[in-house]
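*Asks:* Numbering (the working numbering), first residue to last: 37 to 137.
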């Protein structure tokens, strides 16, 4: 059963890109969108690129390797909605960020 794991401080998450964290052996990319933290599986399904290093434009992150785009709030690929990255529930308590994993 999944449980919430403290993974970061909100203040550690950059505004224009993501932050890589691990929870229960899973690589997760954290992003700040409109003041809220979103959590997405960190490896692009195309060739494993590091989504946490991609540029964030609004709620869309672009994989730095080959330009695949994902909505970080839903995990859906912007050019093919049949491709979806796993997303994780997030809980914020003050500056602490917890991910359900």
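Even for Gly, the Cβ is constructed at its ideal location relative to N, Cα and C.
1) Quick check: what's the CA-CA separation for residue 71 versus residue 99?
2) Could you check how far apart the C-beta atoms of residue 65 and residue 76 are, in whole angstroms? I think they sit under 8 angstroms.
3) Can you look up residue 63 in the DSSP assignment and give me helix, strand or coil?
4) Straight-line CA distance for residue 107 to residue 81?
5) Quick test of your reading: residue 79 and residue 87, contact by CB under 8 angstroms. State the CB separation rounded to the nearest angstrom.
6) Which whole runs of the beta strand (DSSP E) in the segment 75-130 are 3 residues long or more, in chain order?
7) Is DSSP giving residue 136 helix, strand or coil here?
8) Rounded to the nearest angstrom, what separates residue 125 and residue 136 at their Cα positions?
9) What are the boundary residues of the beta strand (DSSP E) that includes residue 45?
*Replies:* Looking at the coordinates:
1) Taking the straight line joining both Cα atoms gives about 22 angstroms.
2) In this structure residue 65 touches residue 76 by the C-beta definition: roughly 5 angstroms separates them, less than 8 angstroms.
3) Correct three-state label for residue 63: strand.
4) Going by the C-alpha atoms only, they are around 14 angstroms apart.
5) Beta-carbon to beta-carbon, residue 79 and residue 87 are separated by about 7 angstroms, close enough to satisfy the 8 angstroms threshold.
6) Secondary structure within the segment 75-130: the beta strand (DSSP E) runs of 3 or more consecutive residues, fully enclosed, are 91-93, 96-98, 105-107 and 126-129 (chain order).
7) Assignment of residue 136 by DSSP, reduced to helix, strand and coil, places it in the strand class.
8) Distance between the alpha carbons of residue 125 and residue 136 is about 5 angstroms.
9) DSSP places residue 45 inside the beta strand (DSSP E), whose first and last residues are 40-45.
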